[in-house]
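Take the sequence shown: its position 41, counted from the start at 1, is 216 in the numbering used here, and no numbers get skipped. Ideal Cβ placement from N, Cα and C applies to all residues, glycine included. Presented below is the structure to which this report refers.
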Amino acid sequence: PNDDGYNDWFNIQGLYDIFDQHKLLIYNRYGTLIFEGNNSLKWYGRSNRGLNDQGELVPVGTYFYVLHLNDPNYSSLTGWVYLNY
Numbered sequence: 176p177n178d179d180g181y182n183d184w185f186n187i188q189g190l191y192d193i194f195d196q197h198k199l200l201i202y203n204r205y206g207t208l209i210f211e212g213n214n215s216l217k218w219y220g221r222s223n224r225g226l227n228d229q230g231e232l233v234p235v236g237t238y239f240y241v242l243h244l245n246d247p248n249y250s251s252l253t254g255w256v257y258l259n260y
């Protein structure tokens, strides 16, 4: 995320159109929750939870996500994303 209009927020294609009641949790490498978002609160590489909850950019590195779709027909999804500026 560098405000150039490309890949500035963590986007899973179709997520925001199909699963509009989802909940996205982002964790750092230590397992600390650093971001909690939903359809109206997208992750732009800034924290809103944990020790650094002032909306500052998080360091370059690997982050882990848990995506709750809030649909009984689908399980929660997990994975990782590498963030670079």
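Item                                                                                                                                          : Value
Using the C-alpha atoms, what's the distance from LYS217 back to ASN227?                                                                      : 17 angstroms
Just reading off the alpha helix (DSSP H) that LEU199 is part of, what are its end residues?                                                  : Unbroken run through LEU199 is the beta strand (DSSP E), 198-202; no alpha helix (DSSP H).
Would you mind working out which of VAL235, ASP183, LEU252 and ASN213 sits nearest VAL241, comparing C-alpha positions?                       : LEU252
Compare the beta carbon distance of GLN196 and ASN245 with 7 angstroms and say whether it is the shorter of the two.                          : yes
Where do the ends of the alpha helix (DSSP H) carrying ILE193 lie?                                                                            : 190-193
With a floor of 3 residues, list each beta strand (DSSP E) that falls wholly inside the segment 221-247, ordered by position along the chain. : 236-243
In whole angstroms, give me the CA-to-CA distance for PHE239 and GLY230.                                                                      : 18 angstroms
Helix or strand or just coil, what does DSSP make of THR207?                                                                                  : coil
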